[in-house]
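Trainee: Supplied in C-alpha cells, the structure appears directly below.
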Amino acid sequence: MDLTRINYSSGAPLEEKTGYSRMVKVGPFIYIGGTTAVQPDGTVFSEESAYEQAKYIFEKLVKLLEKAGSKKEEVIRIKGYTTDMKYGAEIARAYSEIFFEVKPLFTMIGTPMLNRPTQLVEIEMDAAIGCKVE
C-alpha cells in the first residue's frame, strides 16, 4: 500500500502563517482538521446560527474531500465541537441533511470557546477512499 502523504490547504492565511494543513491524505485515508465557518474574506458565516454554521462547514468539508478524490459516502468519522450544547439539535440537523444515509461515527463535544466568540461550531472529519457502506 502506498502511504504517500499529501497536504492540502483551504487557502486560509493562518495555515501558511502557522504551518498546518487543513487536510492530510495518507494513502486512501483522509484527515481534515478542525474547520469553522470562516469565509474566504475572513468573516464568520452566520454569526447567530449554529445550524447555518454547521451546514456551511459540512458543505466546505465535502468540497475538500472531493479535492482529494473522495466523497461524502466515504466519511467514517466526524467530530463536532460547540460552544454550547444547546446548539446540539441544530448541528445534528445540519449533519443529518448531508450524512443521514452514510451514518458515519459522530461525536459532539461541548467546549467553553472557539477561536472567535462568533464561532459556534468546529468540525473535524476522517474518510477512507474506497470504503463502502454495507
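In the numbering used here, the protein residues as written are 2 to 135.
Backbone N, C-alpha and C fix where the C-beta goes; we use that ideal spot for every residue, glycine too.
Count the CB pairs spanning the stretch 39 to 47 and the stretch 79 to 97 that are closer than 8 Å, and state whether there are at least three.
Mentor: Verdict: no, contact absent.
Trainee: Have a look at the DSSP bridge pairing and note the partners of Lys56.
Mentor: DSSP lists no partner for Lys56.
Trainee: Where does Lys104 sit, in a helix, a strand or coil, going by DSSP?
Mentor: Lys104 falls in the coil class under three-state DSSP.
Trainee: Taking contact to mean 3 or more Cβ pairs, one atom from each stretch, closer than 8 Å, check whether the stretch 49 to 58 and the stretch 91 to 100 are in contact.
Mentor: In short, these stretches touch, since the Cβ pair count reaches three.
Trainee: Could you tell me which whole beta strand (DSSP E) segments of length 3 or greater appear in the stretch 82 to 135?
Mentor: DSSP runs (the beta strand (DSSP E)) wholly in the stretch 82 to 135: 106 to 111 and 122 to 129.
Trainee: By the 10 Å Cβ neighbour count, where 16 or more other Cβ atoms means buried, how is Gln120 classified, buried or exposed?
Mentor: Gln120 comes out buried.
Trainee: Between Ala13, Tyr57, Met126 and Glu98, which lies nearest to Ser71 when the distance is taken from Cα to Cα?
Mentor: Cα-wise, what sits closest to Ser71 is Met126.
Trainee: Quick one: what does DSSP say Lys73 is sitting in, helix, strand or coil?
Mentor: Three-state result, Lys73: helix.
Trainee: Quick one: grab the DSSP three-state call for Thr36.
Mentor: Thr36: strand per DSSP, three-state reduction.
Trainee: Within 10 angstroms of its Cβ, does Leu66 collect 16 or more other Cβ (buried), or is it exposed?
Mentor: Leu66 is buried by the Cβ-count criterion.
Trainee: Could you tell me the distance, in whole angstroms, from the CA atom of Ile58 to the CA atom of Met2?
Mentor: Whole-angstrom Cα-Cα distance: 31 Å.
Trainee: Quick test of the definition: if touching needs 3 or more C-beta pairs under 8 Å, does the stretch 100 to 109 touch the stretch 74 to 83?
Mentor: Result yes; three or more Cβ-Cβ pairs closer than 8 Å.
Trainee: Just mark Glu136 as buried or exposed, buried being the case when its beta carbon has 16 or more other beta carbons within 10 Å.
Mentor: The question about residue 136 has no answer here: the residues shown for the chain are numbered 2 through 135.
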